[in-house]
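To keep things clear, I will list the structure first and then write my remarks on it.
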Amino acid sequence: MVKIDVRKLISFGKGSYIISMPKSWIEKNNLKKGDLISVNDGGFELTLSASQHEEKQDAKEINIEAKSKDLELLKVEIVSSYLNGYDTINILFDSDNKESPKIKDIIRNLSGLEIMEQTSTRIVAKNLININEISISNIIRRMDIITRAMIEDAILCSRGQCTYDSIHSRDIDVNRLFFLGCRVMKNAMANPRIAKSLGTDSWKMHSDTLVILRLEKIADRQKRIARYLFNANLDRATLAELDKVHTDISEAYNEVMKAYYNHDKQIALQIEITNKERTAACDKILERYTHAHATSKGKKTSNSNLVIIAKIIENLKATAAEIRNIARTVLCYE
216 MVKIDVRKLI
226 SFGKGSYIIS
236 MPKSWIEKNN
246 LKKGDLISVN
256 DGGFELTLSA
266 SQHEEKQDAK
276 EINIEAKSKD
286 LELLKVEIVS
296 SYLNGYDTIN
306 ILFDSDNKES
316 PKIKDIIRNL
326 SGLEIMEQTS
336 TRIVAKNLIN
346 INEISISNII
356 RRMDIITRAM
366 IEDAILCSRG
376 QCTYDSIHSR
386 DIDVNRLFFL
396 GCRVMKNAMA
406 NPRIAKSLGT
416 DSWKMHSDTL
426 VILRLEKIAD
436 RQKRIARYLF
446 NANLDRATLA
456 ELDKVHTDIS
466 EAYNEVMKAY
476 YNHDKQIALQ
486 IEITNKERTA
496 ACDKILERYT
506 HAHATSKGKK
516 TSNSNLVIIA
526 KIIENLKATA
536 AEIRNIARTV
546 LCYE
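Spelled out as structure tokens, the structure:
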């Protein structure tokens, strides 16, 4: 249920009326006495907007202590600070620290964050991107293009044409765009001025955040599938089955992104309905391979291959599920 804030109309002088403004809205928009409010007459409703003058925000700065910390924990802290909108991130460490090259790699994987200073005891990284100039739709389209290519190349791994290093490199690019998108969305959700400058609203931000998350997961699944196929020694019949199922999933991905861009609920509905068929096809491959493994006389590679097949099927099904989830987001559009 939507909660409506009701205010009493008060007569002021001979020809004016006033209502009090919600304090929470005033504080959220950083307004003060004397600021201008835009009023749009919509007939039965008035739309009040905070003035659009650009307000200089204080730069947020954080110090991260790297001494005696695991690199993975340090990575989480740096990425978290980036997502939370910090403009300057200072990483402090001992003079004998040997992890600084890896710390710099973490920073380089965050779009807009540049190393401005480095000494024997600290690294200073600053954000150089203006969030108000970022297009969420462009981020999604770039993630889509890269993910689409990753799916195609992962399929080629079933045909003996695997370029795993290239797929892994593109997964890093998708991650960079994902983190940038999350940073923009988080700031826009917290600041209505940013949301307005981006031409978005609360529902669009919510749905776009979900799509960005799904795309990142799909890309990650392709990287894993390619890695497993690259290291596997599977028979031609199994590879052909994996190729067919993966190609069907790829076609579903192309269709669901078309549905997303065009707000086409009919395509999205078809993706939702046919998802069980793609999942069943994955299960069928695993069942056949498991049965063949159980009845075989024990080849040296059979046990390891069974594990690899199970992991590939797991990632194919997860890819199909994320495609279905994008379709469900489209189905929620008005």
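If you count by our numbering, then the sequence shown holds residues 216 to 549, one letter each, in order. Just so it is clear, CB atoms sit at the ideal spot from N, CA and C, and this is done for glycine as well.
To the nearest angstrom, report how far apart Ala525 and Ile500 are at their CA atoms. 9 angstroms
Determine the direct distance from the alpha carbon of Ile279 to that of Val294, and round the result to whole angstroms. 11 angstroms
In three-state DSSP terms, what is Gln376? coil
Do Ile527 and Tyr443 count as a contact pair if the criterion is CB distance below 8 angstroms? yes
Simplified DSSP state of Ala410, which is helix, strand or coil: helix
Short of 7 angstroms in beta carbon distance, which residues of its chain neighbour Glu537, apart from the five on each side in sequence? Order them along the chain. Closer than 7 angstroms at the Cβ level, and outside the excluded window around Glu537, lie Arg429, Lys432 and Ile433.
In this structure, how does DSSP classify Leu449 when only helix, strand and coil are distinguished? coil
Could you check what DSSP says for Leu343 in three-state terms: helix, strand or coil? coil
For my contact list, Arg391 and Ser326 are in at a C-beta cut-off of 8 angstroms; report their separation, rounded to the angstrom. Approximately 5 angstroms separates the beta-carbon atoms of Arg391 and Ser326; this is inside 8 angstroms, confirming the contact.
Met472, DSSP secondary structure in three states: helix
Alpha carbon of Pro195 to alpha carbon of Leu413, nearest angstrom: A question about residue 195 goes unanswered here, because the residues of the chain that appear run from 216 up to 549.
Whole-angstrom distance between Ala441 and Ser350, CA atom to CA atom: 31 angstroms
Own chain partners of Thr462 with C-beta closer than 7 angstroms, once the 5 adjacent residues on each side are dropped: Ile370
Is the beta carbon of Leu307 less than 8 angstroms from the beta carbon of Thr336? yes
Mapping the DSSP letters down to three states, classify Met400 as helix, strand or coil. helix
Can you find the residues in the same chain that come closer than 8 angstroms, C-beta to C-beta, to Glu314, ignoring five residues on each side of it along the sequence? Ala281, Leu286, Leu289 and Phe308
Distance between Tyr504 and Cys497 (C-alpha atoms, nearest Å): 11 angstroms
Let's test the definition: count the other Cβ atoms within 10 Å of the Cβ of Gln481 and tell me whether it reaches 16, buried, or not, exposed. When all chains shown are included, Gln481 counts as exposed.
Can you name, in chain order, every residue of its own chain whose Cβ lies under 6 angstroms from the Cβ of Leu484, other than the five neighbours on each side? none
Which of the three DSSP states, helix, strand or coil, is assigned to Ser235? coil
Tell whether a beta-carbon distance below 8 angstroms holds between Ile464 and Arg439. no
Span separating the alpha-carbon of Arg356 from that of Ile338: 33 angstroms
In whole angstroms, what separates the C-alpha of Ser422 from that of Leu251? Put simply, the backbone Cα of Ser422 is about 32 angstroms away from that of Leu251.
Whether Ile187 touches Met358 by CB criterion (8 angstroms): In the structure displayed, the chain extends from 216 to 549; residue 187 sits before or after that span and is not available.
Per-residue DSSP class, three states only, for Met357: The displayed chain sequence assigns Arg, not Met, to residue 357. Helix.
Near Val522, which residues of its chain fall below 8 angstroms by C-beta distance, leaving aside the five closest residues on each side in sequence? none
Might you give, ordered along the chain, the residues of its own chain that have their beta carbon closer than 7 angstroms to the beta carbon of Thr544, omitting 5 neighbours on each side? Ser422, Leu425 and Val426
Does DSSP put Arg337 in a helix, in a strand, or in coil? strand
Anticipated Cβ contact below 8 angstroms, Asp302 with Glu276, distance rounded: 7 angstroms
Who pairs with Ile277 in a beta bridge, going by DSSP? Answer is Ile304, bridged to Ile277.
Hey, how far is the Cα of Ile541 from the Cα of Ile234? 43 angstroms
For Cys372, count neighbouring C-beta atoms within 10 Å of its own C-beta (all shown protein chains included) and say buried if the count is 16 or more, exposed if not. buried
Taking C-alpha atoms, which residue in Asn518, Ser384, Leu531 and Asn477 lies nearest to Leu546? Asn477
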